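First comes the structure, then the notes that go with it.
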Amino acid sequence: MYINGQWCEAADNSRFPVSNPATGDILGDVPNGGRDDVKKAIDAAADAFKSWSKTTAYQRSQFLYRAYTLMIEKKEHLAVTMTSEQGKPLKAARNEVQYGADFLLWYAEEAKRIYGETLPAPRGDQRFIVQQHPVGVVGAVTPWNYPISMLTRKIAPALAAGCTIVLKPAESTPLCAVEMFKIFEEAGIPEGVVNLVTAEDPKPIGDEFINNPKIAKLTFTGSTNVGKMLAQGAAANMKRVSMELGGHAPFIVFEDADPEHAAKGVSLVKFLNTGQACISPNRIFVHKSIAEPFIETLENRVRRMRGGNGMEDGISIGPLVGPGAVEKVERQVNDAVEKGARLVCGGHRLLDDGLDRGHFYAPTVLADVREDMLIYREETFGPVAPVLTFESEDEVLEKANDTNYGLAAYVYTPNIGRAFRMFEGLKFGIIGINDINPTAAAAPFGGMKESGLGREGGHEGIAEYLETKLGGFSI
């Protein structure tokens, strides 16, 4: 672990193993931190905040620029670590490292754009000044599916704002976090500003984040159920929270869209990271008039996808995170088929050629999906594309919004009027209009309803780590 600028073991010297989800091989082990360890890290961050919060925006910017430069230099090493530990194909891992580095670069610049303002006062002898101040020590919890970019998406704006941070990475991907903190150390970020606590059991860490009065803000990316528990605990202590939670994205293809182009788009975003992405399409609504050519194109593309170890060339489907994830996908597919869905392709575990050592499921397309099937309601987080048909704009808008989630949605249509109606009518935080990648470090990322609170990325992302302070001066 990395606490107060020092690499250290857990207080009880315990460790836990980390394995490769594609092969089952043990990659190594890391300290198994507990409540005493996270208290120590929080104390270090609180002490460091006194001086870090007083540094200039230009000084904080230089530290982030240096970390960005080092991250780019070590891009291949980070990507290989990620593929070994998380499983995604090496090409996708390289893309994620670049995306993660983009947040360091963006917030190195955004640090210098924290502006105040003066306001007109009702009295002649009065002046109002508004300033932005860092909230304080941040407790951060990051997920396994994007184990590097989700670190920088939280750490970069926190540091740019003048906050210090204690981070608990996902228990299945701590090695990526260790490699990133080596970069922060090499960048010369002062002791106590960034702290890393690895732990096999996240509960004691989360409890301490919630109850320790030195933590001013909690930021979490993960499941909606866990996010709700953390937010509830934080509310009892009036802590600020940012929550990036689950999704159940609709992908809507209208009759005026090119079905082959749309099918290509959905195949790229649906099976990205083996479907283990919160913005992954979970309900694919295709106009009835073009459903068959859409499904045919999608099937042809999906059948060509190869599952396997992400280190091998030509692999597009990596392993799922664990046996529970495979079982969930299997349960949803079996339920859909039993209730009348048409299995177009896939629909089984991948066990040949040594894949039985990992957690693999074949890329799958289901047609004739209905509202009474589990897959229509539950987030899948796996390589399954469920296709439904619709006949009218009003019908599909109502169905798309019929979910407790509200993170991402996608629409394919060349009609600009319809595009705006859907953009304004869909109750989701991120809408891709003929665009399967509506994300960037410069853009706000986050959801509505049970998909979360707050935004990450863009200038909105740094605002999550700032408090507004008003000065009223009588002169």
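Here the sequence shown stands for residues 1339 to 1813, where the numbers follow the working numbering.
Just so it is clear, CB atoms sit at the ideal spot from N, CA and C, and this is done for glycine as well.
Keep in mind it's a predicted model, so treat the numbers as computed, not measured.
Checklist entry - Which whole-angstrom value describes the C-beta separation of Ala1820 and Gly1371, a residue pair presumed to lie in contact below a C-beta threshold of 8 angstroms? => result Absent from the model: residue 1820. The displayed extent of the chain is 1339 to 1813, so no value can be given.
Checklist entry - Assuming Ile1622 and Leu1726 make a contact with CB atoms under 8 angstroms, what is their CB distance in whole Å? => result In the sequence shown, residue 1622 corresponds to position 284, counting from 1. In the sequence shown, residue 1726 corresponds to position 388, counting from 1. That belief holds up - the Cβ atoms of Ile1622 and Leu1726 are roughly 7 angstroms apart, short of 8 angstroms.
Next on the checklist: Which same chain residues end up closer than 6 angstroms to Pro1631 when comparing Cβ atoms and leaving out the 5 residues on each side of it in sequence?
Outcome noted: By 1-based counting over the sequence shown, the position of residue 1631 is 293. Excluding positions up to five away in sequence, the list reads Pro1597.
Item to check | beta strand (DSSP E) runs wholly inside the stretch 1376-1461, at least 3 long, in chain order | outcome: Note on the stretch 1376-1461: whole beta strand (DSSP E) runs with a minimum of 3 residues are 1455-1457, in chain order.
Item to check | Residue environment, Lys1388, which counts as buried when at least 16 other CB atoms sit within 10 Å | outcome: Position 50 of the sequence shown holds residue 1388. That one is exposed.
Next on the checklist: Can you confirm whether the stretch 1459-1472 touches the stretch 1668-1687 when touching is taken to mean that 3 or more C-beta pairs between the two stretches lie within less than 8 angstroms?
Outcome noted: Not touching, per the Cβ criterion.
Next on the checklist: Does the stretch 1603-1614 come into contact with the stretch 1651-1659, if we say contact requires no fewer than three beta-carbon pairs (one atom in each stretch) closer than 8 angstroms?
Outcome noted: The stretch 1603-1614, when compared against the stretch 1651-1659, does touch it at the 8 angstroms Cβ threshold.
Item to check | Chain-order list of residues whose beta-carbon lies under 7 angstroms from that of Ser1561 (same chain, five-residue window excluded) | outcome: By 1-based counting over the sequence shown, the position of residue 1561 is 223. Hits under 7 angstroms: Leu1583, Gly1584.
Checklist entry - How should Leu1606 be labelled, buried or exposed, when 16 other C-beta atoms within 10 angstroms of its C-beta is the threshold for buried? => result The residue given as residue 1606 occupies position 268 in the sequence shown. Its Cβ having fewer than 16 others within 10 Å, Leu1606 is exposed.
Next on the checklist: Quick check on the DSSP output: the beta strand (DSSP E) that includes Lys1770 runs from which residue to which?
Outcome noted: Along the sequence shown, one-based indexing puts residue 1770 at 432. Residue 1770 is actually Gly in this sequence, not Lys. Taken as a continuous stretch (DSSP letters only), the beta strand (DSSP E) holding Gly1770 covers 1768-1771.
Item to check | Bounding residues of the beta strand (DSSP E) (the contiguous stretch that carries Gly1809) | outcome: Locating residue 1809 in the sequence shown gives position 471, counting from the first residue. Taken as a continuous stretch (DSSP letters only), the beta strand (DSSP E) holding Gly1809 covers 1804-1812.
Item to check | Residue nearest to Asp1440 in terms of C-alpha spacing, selected from Thr1741, Arg1669, Gly1795, Ile1543 | outcome: Here the question's residue 1440 lines up with position 102 in the sequence shown. Nearest C-alpha to Asp1440: Gly1795.
Next on the checklist: Rounded to whole angstroms, what is the Cα-Cα separation between Met1518 and Ile1486?
Outcome noted: Reading the sequence shown from its first residue, position 180 is the one you call residue 1518. Reading the sequence shown from its first residue, position 148 is the one you call residue 1486. Per the coordinates, the alpha-carbon of Met1518 lies some 7 angstroms from the alpha-carbon of Ile1486.
Item to check | Candidates Ala1525, Tyr1803, Pro1724, of which the one nearest Ile1503 by Cα | outcome: One-based indexing of the sequence shown puts residue 1503 at position 165. If we check each option's Cα against that of Ile1503, Tyr1803 comes out closest.
Item to check | Length-filtered (3 minimum) beta strand (DSSP E) runs lying within the stretch 1570-1613 | outcome: Counting only runs of 3 or more, we get 1578-1582, 1587-1591.
Item to check | Cβ neighbours of Ile1341 in the same chain (closer than 6 angstroms, five flanking residues each side left out) | outcome: Against the sequence shown, residue 1341 aligns to sequence position 3. The residues Lys1378, Ala1379, Ala1382, Asn1533, in chain order, have a CB closer than 6 angstroms to that of Ile1341 in the same chain once the five nearest residues on each side in sequence are set aside.
Checklist entry - With burial defined as no fewer than 16 other Cβ atoms inside 10 Å of the residue's Cβ, what is the status of Arg1669: buried or exposed? => result On the sequence shown, position 331 is the one that residue 1669 refers to. In the assembly as shown, Arg1669 is an exposed residue. Its beta-carbon has fewer than 16 other beta-carbons within 10 Å.
Checklist entry - Expressed to the nearest angstrom, what Euclidean distance is found between the alpha-carbon atoms of Ser1730 and Thr1421? => result Residue numbering aside, residue 1730 sits at position 392 when the sequence shown is read from its first letter. Residue numbering aside, residue 1421 sits at position 83 when the sequence shown is read from its first letter. Whole-angstrom Cα-Cα distance: 43 angstroms.
Checklist entry - Excluding five sequence neighbours on each side, which residues of the same chain lie with their C-beta closer than 6 angstroms to the C-beta of Ile1768? => result Against the sequence shown, residue 1768 aligns to sequence position 430. In chain order, Ala1746, Pro1776 place their CB closer than 6 angstroms to the CB of Ile1768, counting only its own chain and leaving out the 5 sequence neighbours on each side.
Checklist entry - Within the chosen definition, does the stretch 1642-1655 reach the stretch 1700-1719 through at least 3 CB pairs nearer than 8 angstroms? => result Contact between the stretch 1642-1655 and the stretch 1700-1719 is present, because at least three Cβ pairs lie under 8 angstroms.
Checklist entry - Taking the alpha carbon of Glu1717 as the point to measure from, which residue in Ala1705, Glu1709, Tyr1743 has its own alpha carbon closest? => result The residue you call residue 1717 lines up with position 379 of the sequence shown. The candidate whose alpha carbon is nearest that of Glu1717 is Tyr1743.
Item to check | Sequence-distant residues of the same chain with beta carbon closer than 8 angstroms to Arg1578, five excluded per side | outcome: Sequence index remark: in the sequence shown, residue 1578 carries index 240 (1-based). Take Arg1578, set aside five residues on each side of it, and the residues of its chain with a beta-carbon closer than 8 angstroms to its own are Val1473, Ala1554, Lys1555, Leu1556, Ala1572, Glu1802, in chain order.
Item to check | Pairwise C-alpha distance: Asn1351 and Ala1723 | outcome: Here residue 1723 refers to the residue found at position 385 of the sequence shown. Here residue 1351 refers to the residue found at position 13 of the sequence shown. Taking the straight line from one Cα to the other gives about 45 angstroms.
Next on the checklist: Can you tell me whether His1797 is helix, strand or coil according to DSSP?
Outcome noted: By 1-based counting over the sequence shown, the position of residue 1797 is 459. Reduced to three states, the DSSP call for His1797 is helix.
Checklist entry - In whole angstroms, what is the alpha-carbon distance linking Arg1451 and Glu1650? => result Numbered from 1 along the sequence shown, position 113 holds the residue referred to as residue 1451. Numbered from 1 along the sequence shown, position 312 holds the residue referred to as residue 1650. Distance between the alpha carbons of Arg1451 and Glu1650: 43 angstroms.
Next on the checklist: Just to confirm before moving on: does the CB-CB distance between Lys1492 and Ala1508 stay below 7 angstroms?
Outcome noted: Sequence index remark: in the sequence shown, residue 1492 carries index 154 (1-based). Sequence index remark: in the sequence shown, residue 1508 carries index 170 (1-based). In this structure, Lys1492 lies away from Ala1508, with their beta-carbon atoms at least 7 angstroms apart.
Item to check | Rounded Cβ spacing between Leu1365 and Glu1423 (contact assumed at less than 8 angstroms) | outcome: Counted from its first residue, the sequence shown places residue 1365 at position 27. Counted from its first residue, the sequence shown places residue 1423 at position 85. In this structure, Leu1365 and Glu1423 form a Cβ contact; the two beta carbons are roughly 6 angstroms apart against a cut-off of 8 angstroms.
Next on the checklist: Among Thr1559, Lys1520, Leu1443, Lys1666, whose alpha-carbon lies nearest the alpha-carbon of Tyr1484?
Outcome noted: As a working note, residue 1484 is residue 146 in the sequence shown. Looking at the Cα atoms, Thr1559 is the closest of the given residues.
Next on the checklist: Please report the distance separating the alpha-carbon of Cys1346 from that of Gly1530.
Outcome noted: Taking the sequence shown and counting its residues from 1, one reaches residue 1346 at position 8. Taking the sequence shown and counting its residues from 1, one reaches residue 1530 at position 192. Straight-line Cα distance between these residues: approximately 13 angstroms.
Item to check | Among Cys1501, Pro1460, Ala1569, nearest to Trp1390 - alpha-carbon criterion | outcome: Position 52 of the sequence shown holds residue 1390. Each of Cys1501, Pro1460, Ala1569 was checked against the Cα of Trp1390, and the nearest Cα belongs to Cys1501.
Checklist entry - How many angstroms separate the CA atom of Glu1798 from the CA atom of Ser1510? => result Here residue 1798 refers to the residue found at position 460 of the sequence shown. Here residue 1510 refers to the residue found at position 172 of the sequence shown. CA-CA distance, Glu1798 to Ser1510, rounds to 30 angstroms.
Checklist entry - Leu1408: which of Asp1385, Glu1523, Pro1359 sits nearest, CA to CA? => result Taking the first residue of the sequence shown as 1, we reach residue 1408 at position 70. From the listed residues Asp1385, Glu1523, Pro1359, the smallest Cα separation to Leu1408 is found for Glu1523.
Checklist entry - Buried or exposed: Tyr1453, going by 16 or more other Cβ atoms within 10 Å of its Cβ? => result By 1-based counting over the sequence shown, the position of residue 1453 is 115. Exposed, by the Cβ-count rule.
Checklist entry - How many angstroms separate the CA atom of Gly1362 from the CA atom of Ile1628? => result Here residue 1362 refers to the residue found at position 24 of the sequence shown. Here residue 1628 refers to the residue found at position 290 of the sequence shown. If you draw a straight line from the Cα of Gly1362 to the Cα of Ile1628, it is about 43 angstroms long.
Next on the checklist: Suppose only complete runs of 4+ residues qualify. What are the alpha helix (DSSP H) ranges in the stretch 1705-1755, listed by chain order?
Outcome noted: Contiguous alpha helix (DSSP H) elements confined to the stretch 1705-1755 occur at 1712-1715, 1731-1738, taking only those with 4 or more residues.
Item to check | Extent of the continuous beta strand (DSSP E) run through Phe1558 | outcome: By one-based count along the sequence shown, residue 1558 stands at place 220. From DSSP, the beta strand (DSSP E) with Phe1558 extends over 1553-1559.
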